[in-house]
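The structure appears right after this line, and notes come after that.
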Amino acid sequence: MEEIFPDLFRSFMNPKTAIVRFFENLYYRPRWYHWIVAVVLMPLSVLYAFVMMIRRTIARRRNFGIPIVSVGNLLVGGSGKTPMTIALAGRFDKAAVVLRGYGRKSGGTIVVSEWGRIETDVETSGDEAMLLARSLSRATVIVSEDRAKAIEKAKEMGAEVVFLDDGFGKVSIEKFEILLYPSEIPNPLPLPSGPFREFWFEKRHADLVLTEGEDFRRIVTCEGCDVPVLLVTAIANPRRLDPFLPSNLVKGRLVLPDHAWFDGKEIEEAMKRYGVEKILTTEKDAVKLERYGFDMALLKLELDIDGRCIERIERAVFSVDVD
Numbered sequence: 162m163e164e165i166f167p168d169l170f171r172s173f174m175n176p177k178t179a180i181v182r183f184f185e186n187l188y189y190r191p192r193w194y195h196w197i198v199a200v201v202l203m204p205l206s207v208l209y210a211f212v213m214m215i216r217r218t219i220a221r222r223r224n225f226g227i228p229i230v231s232v233g234n235l236l237v238g239g240s241g242k243t244p245m246t247i248a249l250a251g252r253f254d255k256a257a258v259v260l261r262g263y264g265r266k267s268g269g270t271i272v273v274s275e276w277g278r279i280e281t282d283v284e285t286s287g288d289e290a291m292l293l294a295r296s297l298s299r300a301t302v303i304v305s306e307d308r309a310k311a312i313e314k315a316k317e318m319g320a321e322v323v324f325l326d327d328g329f330g331k332v333s334i335e336k337f338e339i340l341l342y343p344s345e346i347p348n349p350l351p352l353p354s355g356p357f358r359e360f361w362f363e364k365r366h367a368d369l370v371l372t373e374g375e376d377f378r379r380i381v382t383c384e385g386c387d388v389p390v391l392l393v394t395a396i397a398n399p400r401r402l403d404p405f406l407p408s409n410l411v412k413g414r415l416v417l418p419d420h421a422w423f424d425g426k427e428i429e430e431a432m433k434r435y436g437v438e439k440i441l442t443t444e445k446d447a448v449k450l451e452r453y454g455f456d457m458a459l460l461k462l463e464l465d466i467d468g469r470c471i472e473r474i475e476r477a478v479f480s481v482d483v484d
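Everything in the sequence shown is counted per this note's numbering, starting at 162 for the first residue and increasing by one.
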């Protein structure tokens, strides 16, 4: 029974984790029984996506008087937005990165880094913002629920270009839209039946669609993968790490929901259970895990971006009308 209905079987063991895992499988690795749930939820999905379409259609875009580049996607979960933002923003002087700061234990508009100088801790910034701040030694990183306030703050600080991380859905902002698109789409339905935040054809609103495998590809290296490890991570769709794992060294897994905070004692117990003295994690997770002092191996992600795409983005930034 466990092999036939793995998600249902796990629900008896840990209902909350099972629900998260069920929907991750529905979105990224659907089996026949997942489609039953997708069909039941379809009315909600159509209604949600239709509302999002109307919202995009009637929105009035505000020009902030500064070039703004949005790096976004249509699907929930990891698509490479953060490494793409790092790769692009790092090419410009006086660039600011604005994002929501999901998972942070704070609110309001906060300057995470000012031209490379870190101004706060990871609990205040959130994991993605801290990773951006540490990776961009010349940029400013700002988190805020209100992107407009953050953009105005970036202008006050002297930014000459603003990058919006996960900005495709911010329809009230005038910007150059870069949309990251997966090479394969196992489930093309809108939320909650599928992973799409809007109807898939809304990608037509992007100025530049970059398809993984064609316009960019992931380069993952495993730094410090020399002994048996426990995989510890809190990212969306963690199974996407599988192709890059040193499978012969990963003895166990501790997987939490996206942006979740870790418990050092829980990790210690898992390490003892699997008989390892080292953990393996992602760079995004590492900014939250380093406080515990564990010996860590890192999965480091970079993007190899087609040079023609970079040229087009640079031309767009310097030709944006900011009147």
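In this text, a Cβ means the ideal position worked out from N, Cα and C, and glycines have one as well. Remember, predicted model here, so these are calculated numbers, not experimental data.
Considering only their Cβ atoms, is the gap separating residue j from residue i smaller than 8 angstroms?
i, j, result
"residue 388", "residue 433", "no"
"residue 296", "residue 247", "yes"
"residue 327", "residue 242", "yes"
"residue 311", "residue 270", "yes"
"residue 229", "residue 329", "no"
"residue 293", "residue 379", "no"
"residue 259", "residue 332", "no"
"residue 205", "residue 353", "yes"
"residue 422", "residue 445", "no"
"residue 273", "residue 284", "no"
When burial is assigned at 16 or more other CB atoms within 10 Å of the CB, is residue i buried or exposed?
i, result
"residue 251", "exposed"
"residue 211", "exposed"
"residue 232", "buried"
"residue 170", "Reliability fails at residue 170, whose pLDDT of 44 lies under 50, so the model's placement of it is uncertain and the value that follows must be treated cautiously. Label assigned to residue 170: exposed."
"residue 220", "exposed"
"residue 363", "buried"
"residue 409", "exposed"
"residue 235", "buried"
"residue 377", "buried"
"residue 267", "exposed"
"residue 381", "exposed"
"residue 404", "exposed"
Residue i to residue j, Cα distance in whole Å?
i, j, result
"residue 261", "residue 407", "33 angstroms"
"residue 202", "residue 223", "35 angstroms"
"residue 468", "residue 374", "14 angstroms"
"residue 264", "residue 442", "18 angstroms"
"residue 426", "residue 436", "15 angstroms"
Could you pull out every residue in the same chain whose Cβ sits closer than 6 angstroms to the Cβ of residue i, ignoring the five residues on either side in sequence?
i, result
"residue 414", "392"
"residue 174", "Unreliable positioning characterises residue 174 in this predicted model, as indicated by a pLDDT of 48, which lies under 50. A coordinate reading is not provided."
"residue 244", "462, 464"
"residue 277", "298, 299"
"residue 456", "439"
Within the same chain, show all residues whose beta-carbon is closer than 8 angstroms to that of residue i, passing over the 5 residues directly before and after it, in chain order.
i, result
"residue 275", "301, 318"
"residue 190", "347, 400"
Report, in whole angstroms, the separation of the C-beta atoms of residue i and residue j, which I expect to be a contact under 8 angstroms.
i, j, result
"residue 419", "residue 395", "6 angstroms"
"residue 334", "residue 315", "Residue 334 to residue 315, Cβ: 12 angstroms. No contact."
"residue 199", "residue 187", "6 angstroms"
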